[in-house]
Amino acid sequence: MENTGARKISASEDPETVTYIILKHAAEEHRHAFYLKKQIEKAGKDICPTYAAEYLLAPAYSRYYLNQLDIDVCRYLKKDLRLTGKDLRFAAYLLVTYAIEVRADELYPVYQDALEKAGSKVNVKSIILEEEGHLEEMINQLKSFSPDWQLHAEKAVDMESNLFNNWVNALGESLQLQVGS
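Using this note's numbering, the letters of the sequence shown map in sequence onto residues 11 to 191.
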């Protein structure tokens, strides 16, 4: 997910007006993906050598999750705010990223706790700190974007929550299939 998010941020960058904050965010998400990939390799060389479907849990839904969130948010922005072009791409970046950062703020501490309980040498504390910073940056940018930013952000979070719950169900089904085989 970190790798997909990093690539989506980079793809959404406007070549002329990209800001320091967007470049920083993309770089940090790429670093998160690199760090997590490195940790996976410590668990075993053949566990996840690539992001090919045969190495992932619920690969189709995992790819669908972020793409569909982007589509849903864009539809909302087009319909309700009548945004197009650069304005649409930037607003979608803000809202999608906000929703994902809210999720990361919830999920990474749970992950860190599980790692500690398992006695793992792996930790995600540095990622937690950066994700908290990303959330703060997104809030600041959303405040500049719209006085009604909380309403728009809440809609994006609702969209993400539905997709996340479906993704968790898909992961559960994928794990059941692996255990059963």
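Beta carbons are placed, not taken as given, at the ideal position from N, Cα and C, and that holds for glycine.
Delimiting residues of the alpha helix (DSSP H) encompassing residue i
| i | result |
| --- | --- |
| Asn-172 | 159-190 |
| Asp-82 | 69-90 |
| Pro-59 | Unbroken run through Pro-59: none, as it is neither H nor E. |
| Thr-29 | From DSSP, Thr-29 is part of no alpha helix (DSSP H); its letter is neither H nor E. |
| Asp-123 | 95-127 |
| Asn-13 | 12-22 |
| Ser-154 | 135-155 |
Alpha-carbon to alpha-carbon, residue j and residue i
| i | j | result |
| --- | --- | --- |
| Gln-188 | Gln-78 | 26 angstroms |
| Leu-181 | Asn-175 | 10 angstroms |
| Leu-173 | Val-112 | 14 angstroms |
| Gly-129 | Gly-54 | 17 angstroms |
| Ala-36 | Ile-19 | 6 angstroms |
| Pro-157 | Thr-27 | 22 angstroms |
| Asp-56 | Ala-63 | 14 angstroms |
| Ile-110 | Gly-190 | 32 angstroms |
| Lys-127 | Cys-84 | 40 angstroms |
| Val-193 | Met-11 | Residue 193 cannot be examined here, being either before or after the span of the chain that is shown, 11 to 191. |
| Met-169 | Lys-88 | 15 angstroms |
| Ala-16 | His-40 | 5 angstroms |
| Glu-141 | His-162 | 20 angstroms |
| Gly-143 | Glu-38 | 11 angstroms |
| Leu-76 | Ile-31 | 21 angstroms |
| Leu-152 | Tyr-61 | 32 angstroms |
| Asn-179 | Leu-33 | 33 angstroms |
| Pro-59 | Tyr-65 | 8 angstroms |
| Ala-70 | Tyr-108 | 23 angstroms |
Cβ of residue i within 8 angstroms of any chain B Cβ
| i | result |
| --- | --- |
| Leu-91 | Although the question refers to chain B, the structure presented lacks it and comprises just one protein chain. |
With three or more C-beta pairs closer than 8 angstroms as the rule, is the segment 135-149 touching the segment 78-95?
Output reads no: the segment 135-149 does not touch the segment 78-95.
Give a yes or no on contact between the segment 98-105 and the segment 42-49, applying the rule of three or more CB pairs nearer than 8 angstroms.
Touching, no, given that fewer than three Cβ pairs across the two stretches are closer than 8 angstroms.
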